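Here the structure is laid out as structure tokens; the discussion comes afterwards.
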DNA sequence: CTACATCGGCGTACGTTGTACTAGTAGTAC
DNA sequence: GTACTACTAGTACAACGTACGCCGATGTAG
């Protein structure tokens, strides 16, 4: 992802060079503002150009393609996702927890960024580098061999991405339009009546399945609690491995 | 997601009704074949219609929109992701592990399915229901209260999605075209020279950063091992919670 | 068998998208 | 001033999703 770089190189301008009217950062910021305000689908080349008061094709002197622009936007998100450097705890669990929470918050604020991760390389831009550096700093105190450190970092990143994608962004039953609910309820009843879903049937009971579902979902822990709990479990597991690993290397 | 249903209701055809030439399942299968062979971007309404030997607009008698077709494709994936019913272990850890591994394999085979999760509701189609039922069966033996069961299930789903998205699908350094490598290496060197990346510098050393990076990535555990390890950690954490929970309820 | 009613099939067309091509313009160095 | 070149941008095109509306096949009624 060469294009993840902040600016095209022009430290020594060629003779007769003309100063660009925009920076890549400006363009990314404009695209980001549109995405935040109207959704990622509203980000078209024409739209971004208009927002910048430029001709559409002018953008193509700053980005190679639309996915290039997208990579720029991703990197801007990676900046937002950085933890203020001084606030990073020396304790690796606290530090990783802080990083994870901040990352989740950023991705929830910009849902398209999560979905785009697999499309473009995520580790390319300079701010992604910084994020990685922060993660390295966080796990520095674990005493783990380097491969295990990287593994731990990746695991946290994976967990955050998965949680946001599946738990935070996946539309819940509340997103179902009211007029569609009866049809879905009938469909659910029909499926359950087949007898192929014993556990689901037990879960939802015999009465108003719709109300039962809402009740169960409403009574459980909040997403925040669930996120924290899952993270704690991962860190617990890692801590176990770490103490085992340290005990082993001390024994040697 | 009303449209997740397998067929439009026409048990009692209207007088003079004509029998449809296709089923929604056939259309989904055709779209899926294209997606697998040429990528999700190759799935256009025209392309799918051509594959079915139909006019483009004919599809719109079976699906309301393209995203509707997409939902159908998603549900087809959910079918592939089901564990053969009899092979589900009674041990909750084994059962969840089997489900997770199968899910990962399916998503890796069909990368677009992961990315689409947040776009359309994931829990809508009939096969998604079955997947949920299987998960419920898997955690039946935990003795957990229902809310915690659901939490555990969601946690596994989240982990799988995150791992596939970030670790399996994210293009690694090997995806970088050879001609771009020197430029990126130079950029990396430049960034490191700023001194803002002490841990990263330590990690990559002073010599050929590119080779160092490749060496580290190559020496670590394989993705399969990493997936299994993370899963084990999650389950370890959950097992700890379970034994605590059981001890507490026994004490009462 | 004929006539009718109905709905599946699909050709045409429109607005929108990303972006290739190309010509023009304006800022900088001499 | 002159020349160079990078920046700017208009036009154009292929491909997309899909609204609209006609046609004809097909099952039912008589």
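Protein chains in written order, with the working numbering: chain A, 0 to 251; chain B, 0 to 251.
Glycine is no exception: its CB is placed at the ideal position from the N, C-alpha and C atoms.
Given the structure is predicted, the values throughout are model-derived calculations rather than measurements.
With respect to chain B, the C-beta atom of residue 228/A has a partner C-beta closer than 9 angstroms.
The DSSP-derived three-state label of residue 181/B is helix. For residue 67/A, the enclosing alpha helix (DSSP H) covers residues 65-79.
Within chain A, the C-beta atoms nearer than 7 angstroms to that of residue 198/B come from 132, 135, 136 and 139, in chain order.
For residue 247/B, no CB of chain A lies under 9 angstroms from its own CB, so it is not counted at the interface with that chain. Here residue 201/A carries a helix assignment [DSSP, helix/strand/coil]. If you draw a straight line from the Cα of residue 95/A to the Cα of residue 153/A, it is about 11 angstroms long.
When the five nearest sequence neighbours on each side are left out, no beta carbon in the same chain lies closer than 8 angstroms to the beta carbon of residue 161/B.
Taking C-beta separations shorter than 8 angstroms and ignoring five residues to either side along the sequence, the partners of residue 136/A in its chain run 87 and 94, following chain order. Between residue 239/B and chain A, the shortest Cβ-Cβ separation is below 9 angstroms. Annotated as proximal: residue 203/A and residue 191/A, with beta-carbon spacing under 9 angstroms.
Between residue 129/A and residue 78/A, the CB-CB gap stays under 9 angstroms.
Residues of chain A with a Cβ closer than 8 angstroms to the Cβ of residue 61/B do not exist; the shortest Cβ-Cβ separation is about 18 angstroms. Residue state for residue 115/B is assigned as helix, using DSSP reduced to three classes.
Taking C-alpha positions only, residue 158/B is separated from residue 245/B by approximately 25 angstroms. Out of 17/A, 194/A, 104/A and 186/A, the CA that lies nearest to the CA of residue 60/A is found in 17/A. If only complete runs of 4 or more residues are kept, the segment 183-242 of chain B shows the alpha helix (DSSP H) at 197-203 and 208-218, in order along the chain.
From the beta-carbon of residue 181/B, no residue of chain A is found nearer than 9 angstroms; the closest lies around 10 angstroms away. In the same chain as residue 126/B, and ignoring 5 residues on each side of it, the C-beta atoms closer than 6 angstroms to its own belong to 74, 77 and 78, in chain order. No Cβ of chain B is located within less than 9 angstroms of the beta carbon of residue 82/A. Contact annotation: residue 34/A and residue 72/A have beta-carbon atoms nearer than 9 angstroms.
Within the segment 147-169 of chain B, 147, 148, 149, 150, 153, 154, 156, 157, 158, 159, 160, 161, 162, 163, 164, 165, 166, 167, 168 and 169 place their CB atoms closer than 9 angstroms to a CB of chain A, listed in sequence order. Annotation for residue 166/B: 222 and 225 place their beta carbon closer than 7 angstroms to its own, counting only its chain and skipping 5 residues before and after.
With contacts defined by Cβ atoms closer than 9 angstroms, residue 55/B and residue 45/B form a contacting pair. Ranked by Cα distance from residue 143/A, the options 31/A, 23/A and 241/A are led by 241/A.
Residue 220/B and residue 184/B have their C-alpha atoms roughly 25 angstroms apart.
Contacts between residue 233/B and chain A, judged by CB atoms closer than 8 angstroms, involve 229, 232, 233 and 236 in chain order. Excluding its 5 nearest sequence neighbours in each direction, residue 91/B has C-beta neighbours in its own chain below 8 angstroms: 137, 138, 139, 140 and 141, listed in chain order. Residue 29/A is positioned such that its CB atom lies closer than 9 angstroms to that of residue 51/A.
The alpha-carbon of residue 234/B is positioned some 16 angstroms away from that of residue 151/A. Annotated three-state conformation of residue 129/A is helix, per DSSP. Around the beta carbon of residue 114/B, 16 or more other beta carbons lie within 10 angstroms, which makes this residue buried.
At a cut-off of 9 angstroms between beta carbons, residue 195/A contacts chain B. Within chain B, the C-beta atoms nearer than 8 angstroms to that of residue 145/A come from 202 and 215, in chain order.
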